[in-house]
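**Q** Reminder that position 355 of the sequence shown reads as 355 in the UniProt record's numbering, one-by-one numbering, no gaps.
Sharing a structure here in structure tokens format.
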Amino acid sequence: MNCLLIVSSLITAAQCARAQRSITREMLKCRLFDGTWIFRKLHQMKNKKLKHLPMSEEQVKTYTRIRNAFLTVLEVLLVIGVSMQADADALVLVTGILFMFAAAMINITAGGLRSMRVNSWHPSFRGFYTPIAILASVLCLITAGASAPIGTPVLIVLLPAITVLIFIRGDSVLSTEGRKASQRPIPAQNRDFRPHMEQNSGTPTLCMTLIRETPYSAAGKRTKLGQIELACSKSGMTVNDLPGHAMFLYYQKISSLHSVILAALNNSGMGMFQLDTVIMNYPTNSIIEARAIRFNYHFMLQRAIRRRANVITVKGSFLMRRLEIIDVWWILDSGDLLVHLAVQLSRFKKLTESTTSKIRLFIVVPDSMSIDYSVEHKLMKWCISTRTLFYSVQIVKMQVKLICMYVRKLKEQIDFRVSQVASAKKTSEKYRKRKLKKNYPLQSIIDLSIQESVAPATLSAAPQPKEDCMKMLNREMLSRSKEANLVVLNVPEPPNELAPFEEYLHFVDGQIRGLDNVLLVRSCDSL
1 MNCLLIVSSL
11 ITAAQCARAQ
21 RSITREMLKC
31 RLFDGTWIFR
41 KLHQMKNKKL
51 KHLPMSEEQV
61 KTYTRIRNAF
71 LTVLEVLLVI
81 GVSMQADADA
91 LVLVTGILFM
101 FAAAMINITA
111 GGLRSMRVNS
121 WHPSFRGFYT
131 PIAILASVLC
141 LITAGASAPI
151 GTPVLIVLLP
161 AITVLIFIRG
171 DSVLSTEGRK
181 ASQRPIPAQN
191 RDFRPHMEQN
201 SGTPTLCMTL
211 IRETPYSAAG
221 KRTKLGQIEL
231 ACSKSGMTVN
241 DLPGHAMFLY
251 YQKISSLHSV
261 ILAALNNSGM
271 GMFQLDTVIM
281 NYPTNSIIEA
291 RAIRFNYHFM
301 LQRAIRRRAN
311 VITVKGSFLM
321 RRLEIIDVWW
331 ILDSGDLLVH
341 LAVQLSRFKK
351 LTESTTSKIR
361 LFIVVPDSMS
371 IDYSVEHKLM
381 KWCISTRTLF
391 YSVQIVKMQV
401 KLICMYVRKL
411 KEQIDFRVSQ
421 VASAKKTSEK
431 YRKRKLKKNY
441 PLQSIIDLSI
451 QESVAPATLS
461 AAPQPKEDCM
471 KMLNREMLSR
481 SKEANLVVLN
491 VPEPPNELAP
501 FEEYLHFVDG
511 QIRGLDNVLL
521 VRSCDSL
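Printed below as a string of structure tokens:
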């Protein structure tokens, strides 16, 4: 009987030690307990020339193996310390103490971080950081210290405390990477860009960077990417004098973005370019084939549209600081958000590498309307007034029936924008044009050109089958933007009901087929 009790106590103690190691590893994921700097310091001692270079992927993997080995040794030491007790009753007591200490450690750590307003790590169960849970944890520690032998509490408390002290680190923004990013020379163009980026001065802005977290990606590499993105975002917000908060989030799949989307809607915006913007991941083929997940994706997109938010759907995976060629396809609508987003992405790259990126602008207009010269002339005037440079600007003429998905509600969208800026009492043409240019500096170029056209009725031409429109648009985009690192494209107006969404997504998917990295934009200035 005693043998069975000893064996069961040892198994329980081993499981508690494994739980303690899992808790420690969970804490290592946050930026306060990382430990990357230890391996980096040892690596720099061999070669001082590597002081300013980031760790490679192989070095991060090596560090991860060393850290996991250290935690395994810690687990073995805890099991050996428990098994050294000869009495079975003492084994049961020490096992209970170890379990209580694991719960107390997670409770006190979470409560302390929350009291210091550090939200970098907290358990998923909210009851862990309530005042009652913290009080119970302190009582558990006192009981464990008073009931166990003197050597056991010292062993149990000392080893995890040493682990935490070894892996503790400061704020990532104040680290070496953060200081380097904040000290980089920032171009003067960013100071001139602020009036066009933030019309509502003084409104808090949430600058959020989403980083794709694959199951096999190294934790150190993800943390380093997040630190650089966060430091550069804060530098850009400081230069543009934008009040608010900058943060980065990891995600693995579209279902995990549910809380991110709700947080963005509740915090009045995402990104430095404009408020009330939601960023979603583009559904993969497996998601489109899964009916339940597809319905959830459609529901979230519909919810964002009903809240009158800008919706940016991300297809592919790319780093903003490595963008070299950005192609902007402006098809009649969402011009302000499209161009401002592309320009901000290019200037984000300048913040990190101080090199110039190329933005190529393709403006698609109906070939039956003589508005190409008017659009080009007004766009040049806007570029001169805002000192915005494009590598190239091309007017792409297409038949109205090939862009019927974009044209079918264009007149209603123009009337809607006019109604937003002009009241019923002031209906003069000159007043409407002036207000439209002020509130929609880029989109008004298309709107006014179409209104001034001699043949606006051509917009209601007989539509082409959607399959033909999809293939023609895809062929045109592939012929011009195949070598681009990122394509920014506005999508047609989505349907109001959930039922036609499958056909709508099929059209959008066929339009961008063959392009790896795409930002699909839907502006809140539409209907």
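Glycine included, C-beta positions come from ideal geometry on N, C-alpha and C.
Please specify which runs of the alpha helix (DSSP H), each continuous and at least 4 residues long, are wholly inside the stretch 373-405, giving them in chain order.
**A** none
**Q** How do the stretch 328-337 and the stretch 478-497 stand: do at least 3 beta-carbon pairs fall below 8 Å, yes or no?
**A** yes
**Q** How big is the Cα-Cα spacing for H340 and L77?
**A** To locate residue 340, count along the sequence shown from 1; it is residue 340. To locate residue 77, count along the sequence shown from 1; it is residue 77. Going from the Cα of H340 to the Cα of L77 covers about 57 Å.
**Q** When burial is assigned at 16 or more other CB atoms within 10 Å of the CB, is L361 buried or exposed?
**A** Locating residue 361 in the sequence shown gives position 361, counting from the first residue. Burial call: buried.
**Q** Determine, for V508, whether the minimum Cβ-Cβ distance to residues of chain B falls below 7 Å.
**A** This model lacks chain B altogether; it includes just one protein chain.
**Q** Output needed for E467: all residues of its chain with C-beta closer than 8 Å, excluding positions within five of it in sequence on either side, in chain order.
**A** Translated into the one-based positions of the sequence shown, residue 467 becomes position 467. Non-local C-beta neighbours of E467 in its own chain, meaning closer than 8 Å and more than five positions away in sequence, comprise G510, ordered along the chain.
**Q** If you reduce the DSSP assignment to three classes, tell me which class R480 lands in.
**A** Residue mapping note: residue 480 aligns to position 480 of the sequence shown, counting from 1. In this structure, R480 counts as helix in the three-state DSSP scheme.
**Q** Applying the criterion that 16 or more other CB atoms from any shown protein chain within 10 Å of the CB defines a buried residue, is Q394 buried or exposed?
**A** If you number the sequence shown from 1, residue 394 lands on position 394. So Q394 ends up on the exposed side.
**Q** For G316, I'd like the list of residues in its chain whose CB is within less than 7 Å of its CB, leaving aside the five on either flank, ordered along the chain.
**A** The residue you call residue 316 lines up with position 316 of the sequence shown. D516, N517, V518, listed in sequence order.
**Q** Kindly indicate the opening and closing residues of the beta strand (DSSP E) around V365.
**A** As a first step, residue 365 must be located in the sequence shown, where it is residue number 365. Where V365 is concerned, the enclosing beta strand (DSSP E) stretches over 358-366.
**Q** So what's residue 529 in DSSP terms, helix, strand or just coil?
**A** Past the boundaries of the shown model lies residue 529; the chain is included only from 1 to 527, so the question cannot be answered.
**Q** Can you find the residues in the same chain that come closer than 6 Å, C-beta to C-beta, to G514, ignoring five residues on each side of it along the sequence?
**A** Numbered from its first residue, the sequence shown carries residue 514 at position 514. Result list for G514: L478, in chain order.
**Q** Inspect the beta-carbon positions of I445 and V375 and report whether they are closer than 7 Å.
**A** On the sequence shown, position 445 is the one that residue 445 refers to. On the sequence shown, position 375 is the one that residue 375 refers to. Yes. Within cutoff.
**Q** On the CB-based measure, 16 or more other CB atoms within 10 Å of its CB, does L389 come out buried or exposed?
**A** Here residue 389 is taken as the residue at index 389 of the sequence shown, counted from 1. Of the other Cβ atoms in all chains shown, fewer than 16 fall within 10 Å of the Cβ of L389; this residue is therefore exposed.
**Q** Out of F70, L379, F507, W329, point me to the one whose CA is closest to M405's CA.
**A** In the sequence shown, the residue the question calls residue 405 occupies position 405. Minimum Cα distance to M405 is reached at F507.
**Q** Give the C-beta separation of I359 and V314 to the nearest angstrom, bearing in mind that I take them to be a contact with Cβ-Cβ under 8 Å.
**A** Walking along the sequence shown from the start, residue 359 turns up at place 359. Walking along the sequence shown from the start, residue 314 turns up at place 314. No, I359 and V314 are not in contact; Cβ-Cβ is about 18 Å, not under 8 Å.
**Q** Which stretch, first to last residue, makes up the beta strand (DSSP E) that contains R522?
**A** Here the question's residue 522 lines up with position 522 in the sequence shown. Counting along the chain, the unbroken beta strand (DSSP E) around R522 starts and ends at 518-522.
**Q** Could you have a look at L505 and say whether DSSP puts it in helix, strand or coil?
**A** As a position in the sequence shown, residue 505 is number 505, starting the count at 1. Here L505 sits in helix by DSSP.
**Q** Quick one: what's got a C-beta closer than 8 Å to L410's C-beta in the same chain, skipping five residues either side?
**A** Taking the first residue of the sequence shown as 1, we reach residue 410 at position 410. Hits under 8 Å: L332, D333, I450, L459.
**Q** Would F273 be called buried (16 or more neighbouring beta carbons within 10 Å of its own) or exposed?
**A** For the purposes of this step, residue 273 is identified with residue 273 of the sequence shown, where counting begins at 1. Residue placement at F273 is flagged as unreliable, the pLDDT there being 37, under the threshold of 50; a coordinate-derived value is accordingly withheld.
**Q** Quick one: grab the DSSP three-state call for K433.
**A** Taking the sequence shown and counting its residues from 1, the one referred to as residue 433 is at position 433. It is helical.
**Q** With C-beta atoms as the reference, is L486 less than 7 Å away from I326?
**A** Here residue 486 is taken as the residue at index 486 of the sequence shown, counted from 1. Here residue 326 is taken as the residue at index 326 of the sequence shown, counted from 1. Going by C-beta atoms, L486 is nearer than 7 Å to I326.
**Q** May I ask which residues mark the beginning and end of the beta strand (DSSP E) holding I326?
**A** One-based indexing of the sequence shown puts residue 326 at position 326. Segment 325-331, the beta strand (DSSP E) holding I326.
**Q** Could you give the distance in angstroms between the alpha-carbon of D312 and the alpha-carbon of F70?
**A** The residue given as residue 312 occupies position 312 in the sequence shown. The residue given as residue 70 occupies position 70 in the sequence shown. In the sequence as displayed, the identity of residue 312 is Ile instead of Asp. The straight-line gap from Cα to Cα measures roughly 43 Å.
**Q** Return the Cβ separation of R408 and D447 in integer angstroms, given the expectation that the two are a contact with Cβ distance under 8 Å.
**A** If you number the sequence shown from 1, residue 408 lands on position 408. If you number the sequence shown from 1, residue 447 lands on position 447. That pair is no contact at about 16 Å.
**Q** Determine the DSSP secondary structure at V491, reduced to helix, strand or coil.
**A** Taking the sequence shown and counting its residues from 1, one reaches residue 491 at position 491. Three-state DSSP puts V491 in coil, outside helix and strand.
**Q** Can the beta-carbon of V400 be found less than 7 Å from the beta-carbon of V364?
**A** Within the sequence shown, the letter at position 400 stands for residue 400. Within the sequence shown, the letter at position 364 stands for residue 364. Not a contact, by the Cβ cut-off of 7 Å.
**Q** Would you list the residues sitting across from K315 in a DSSP beta bridge?
**A** Sequence index remark: in the sequence shown, residue 315 carries index 315 (1-based). Answer is V518, bridged to K315.
**Q** Look up L486 in the DSSP assignment and say whether it is helix, strand or coil.
**A** By 1-based counting over the sequence shown, the position of residue 486 is 486. Strand, per DSSP.
**Q** Helix, strand or coil, according to DSSP, for S444 in the structure here?
**A** Here residue 444 corresponds to residue number 444 of the sequence shown, with the count starting at 1. The answer is helix: DSSP assigns S444 an H, G or I state.
**Q** Flag this pair as yes or no: are the beta carbons of V521 and L338 separated by less than 7 Å?
**A** Locating residue 521 in the sequence shown gives position 521, where the first residue counts as 1. Locating residue 338 in the sequence shown gives position 338, where the first residue counts as 1. Yes, these two residues count as a Cβ contact at 7 Å.
**Q** With DSSP run on the structure shown, which of helix, strand or coil describes R417?
**A** On the sequence shown, position 417 is the one that residue 417 refers to. It is helical.
**Q** What is the DSSP secondary structure of K411, reduced to helix, strand or coil?
**A** Reading the sequence shown from its first residue, position 411 is the one you call residue 411. In the structure shown, K411 sits in a helix (DSSP, three-state: H, G or I).
**Q** With 16 other CB atoms within 10 Å as the buried threshold, where does V73 fall?
**A** Position 73 of the sequence shown holds residue 73. Under this definition V73 is an exposed residue.
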